[in-house]
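Novice: For the record, in the sequence shown the residue sitting at position 131 is 131 according to my numbering, with numbers rising by one throughout.
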Amino acid sequence: MNKEQDRKTARLYPIRPHHGLCLQFFEGKGYSGGFTAHMDKIKKTLESQEETEVFLTVAADTICECCPNRKGKDCIQDEKVDMYDRKVLEACGVQGETSLPWKEFAELVRQKIILTGRRADICPDCQWKEICEKKEKELL
Numbered sequence: 001m002n003k004e005q006d007r008k009t010a011r012l013y014p015i016r017p018h019h020g021l022c023l024q025f026f027e028g029k030g031y032s033g034g035f036t037a038h039m040d041k042i043k044k045t046l047e048s049q050e051e052t053e054v055f056l057t058v059a060a061d062t063i064c065e066c067c068p069n070r071k072g073k074d075c076i077q078d079e080k081v082d083m084y085d086r087k088v089l090e091a092c093g094v095q096g097e098t099s100l101p102w103k104e105f106a107e108l109v110r111q112k113i114i115l116t117g118r119r120a121d122i123c124p125d126c127q128w129k130e131i132c133e134k135k136e137k138e139l140l
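1) Grab the span of the alpha helix (DSSP H) containing Ser-99 for me, first residue to last.
2) Would you kindly work out how many angstroms separate the C-alpha atoms of Thr-116 and Arg-11, rounded to a whole number?
3) Can you tell me whether Ala-91 is buried or exposed, with buried defined as 16 or more other CB within 10 angstroms of its CB?
4) Which residues mark the beginning and the end of the beta strand (DSSP E) in which Val-54 is found?
5) Go to Pro-17, then tell me how far its beta strand (DSSP E) extends in each direction, as first and last residue.
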């Protein structure tokens, strides 16, 4: 199979843009045991498959499936996470409701947000920011 055929048969994962940032700092802590286990599984899947595609959506995604903040199709923090998503899309220079390889998106987040020190501007009031701040010090 050629590279284009591989892309067409790759599994497509809906991902909120801000989760592209969260996954880079994830260390096994989360809202609940079920959420943490699910996020760990998604992270390992995305990182282990060469041609995994993500669909950037400003809506509930694959990771949100096990989040206790999700009430039906909505998040109890919709306004805040929508803002995070918009800021990640803008910083990375990509459009929402598009697909691209996970590794490409993860590298955009790393280059355009993490390594430029913009993470704190994206999600300044996130409850998990201490984890990110600690890991950023190791990276920068």
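For glycine and all other residues, C-beta sits at the position ideal for the given N, C-alpha and C.
Specialist: The relevant details are as follows:
1) First-last for Ser-99: 98 to 101, but that is the beta strand (DSSP E), not the alpha helix (DSSP H).
2) 31 Å
3) buried
4) 53 to 56
5) Where Pro-17 is concerned, there is no enclosing beta strand (DSSP E), although the alpha helix (DSSP H) it sits in stretches over 17 to 25.
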